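Colleague:
This is the structure:
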């Protein structure tokens, strides 16, 4: 006869699991007792035993003493990080020196507490760090899934190359949705963390929460328009309206590239043209992304006007390309990236063409690249 598990057993099973590592019985059991009200606690009296346990299963948190025989906490932490990069680690020491604290943080600790820790401080740190472990594990799973999906897509392309270009529009959509969806996931994670942290009226934290929410909203709107444009592509051309190239490019920097300081602007403060905002965002996304993934640490976007034309020049200090690779990149279907599709610049040329604009790529191996895009100015 089967019986339902008691609420107490269910609650215990759902508690985050914490590993306390300390060679001294008294402090070890004291910390375990303190944490047992909110966590399932396991203990180890040697670093070697702790490492074996961590190899066997994941923990929400590891609380470890720095000074231990056979293998000290600093060395144990180095080995631990080879096994689990995501678990939060709180280091304890009765010596409390700044040098020891710095050494622990450099090695990969997430927080440092003096020994014996204050009970309230220990519980608060355990709550915060176990929650951070959950967030990192979730983000790592999302990243693994994305890599696996990209790898599967690339294998599919390789196996069915003759049919790839017939389904080009679908692949373009997958390619261009990747960056903004990553942004949605990243900012959504930050949003959740901030929401959990806000337990009282805090104007500054509230301001950051609204900022993250606004960025998530913009990225989601971008994804929506990409999908909608794809749905309507076979029925009608994209609707053009008056827009500002500078404002559009800056929005890509802010929303897609987290406001990267590697991207700077010069020249015109405003550059009015007629076009589709979201199609041009796809262009700038691809151009900026190609530069940054080629190792560029500085990307300058310059705007200039010559008569009835507006020239947008994107200059980077990345790895650059030799003539053969440049020709293949512009043609499409060629990539040097492990998870790339090779469609980025080809997509750009196509979308710019619908705007009556031209694109020229100048590059040399080891000397960076320059992308020149010339648009008809709005009258």
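Residue numbers (the numbering used here): 119 to 497. Yeah, the Cβ is synthetic: ideal placement off N, Cα and C, and Gly gets one too. It should be emphasised that the depicted structure is a prediction, and the values quoted were computed from it without experimental measurement.
Helix, strand or coil: which one does DSSP assign to residue 452?
Modeller: Low confidence applies here, because residue 452 scores a pLDDT of 46, under 50, leaving its location unreliable and the question unanswered by this model.
Colleague: Among 368, 447, 387 and 385, which has the Cα closest to the Cα of residue 379?
Modeller: Measuring from the Cα of residue 379, the nearest candidate turns out to be 368.
Colleague: Nearer than 7 angstroms: is that true of the beta carbon of residue 274 relative to any heavy atom of the ligand NAD?
Modeller: For the structure depicted, the ligand NAD is absent and the ligand set is empty, with no information on it obtainable.
Colleague: For the 8 angstroms Cβ check, are there 3 or more pairs between the region 488-497 and the region 430-448?
Modeller: With the cut-off at 8 angstroms, the region 488-497 and the region 430-448 touch.
Colleague: Pull up the distance between the alpha-carbon of residue 149 and that of residue 138, whole angstroms please.
Modeller: Straight-line Cα distance between these residues: approximately 7 angstroms.
Colleague: Restricting to Cα atoms, I'd like to know which of 426, 255 and 205 is closest to residue 136.
Modeller: Comparing Cα positions, the closest option is 205.
Colleague: Since residue 360 and residue 392 should fall inside the 8 angstroms C-beta cutoff, what is the C-beta to C-beta distance between them, to a whole number of angstroms?
Modeller: Yes, residue 360 and residue 392 are in contact; Cβ-Cβ is about 6 angstroms, under 8 angstroms.
Colleague: With a 10 Å radius around its C-beta and 16 neighbouring C-beta atoms as the bar for buried, classify residue 573 as buried or exposed.
Modeller: Any answer about residue 573 is impossible in this case: the structure gives the chain only from 119 up to 497.
Colleague: Confirm, please, whether the CB-CB distance from residue 228 to residue 194 is below 8 angstroms.
Modeller: Not closer than 8 angstroms, so no.
Colleague: In whole angstroms, what is the alpha-carbon distance linking residue 437 and residue 239?
Modeller: Distance between the alpha carbons of residue 437 and residue 239 is about 48 angstroms.
Colleague: Classify residue 234 as helix, strand or coil using the three-state DSSP reduction.
Modeller: DSSP places residue 234 in coil when its eight states are reduced to three.
Colleague: Go ahead and pull the three-state DSSP assignment for residue 383.
Modeller: Reduced to three states, the DSSP call for residue 383 is strand.
Colleague: Nearest to residue 233 by CA position, among 199, 181 and 276, is which residue?
Modeller: The option with the nearest alpha carbon to residue 233 is 181.
Colleague: Going by Cα to Cα distance, which pick from 414, 477, 482 and 410 is closest to residue 441?
Modeller: The shortest Cα separation from residue 441 among 414, 477, 482 and 410 belongs to 482.
Colleague: Quick one: what does DSSP say residue 247 is sitting in, helix, strand or coil?
Modeller: Correct three-state label for residue 247: helix.
Colleague: Rounding to the nearest angstrom, what Cα-Cα distance links residue 163 and residue 183 in this structure?
Modeller: Their Cα atoms are separated by approximately 10 angstroms.
Colleague: Taking residue 159 as the reference, give the member of 243, 410, 179 and 302 with the closest Cα.
Modeller: Considering only alpha carbons, the answer is 179.
Colleague: Once DSSP output is grouped into helix, strand and coil, what is the label at residue 415?
Modeller: Looking at residue 415 - three-state DSSP - the assignment turns out to be coil, as it is neither helix nor strand.
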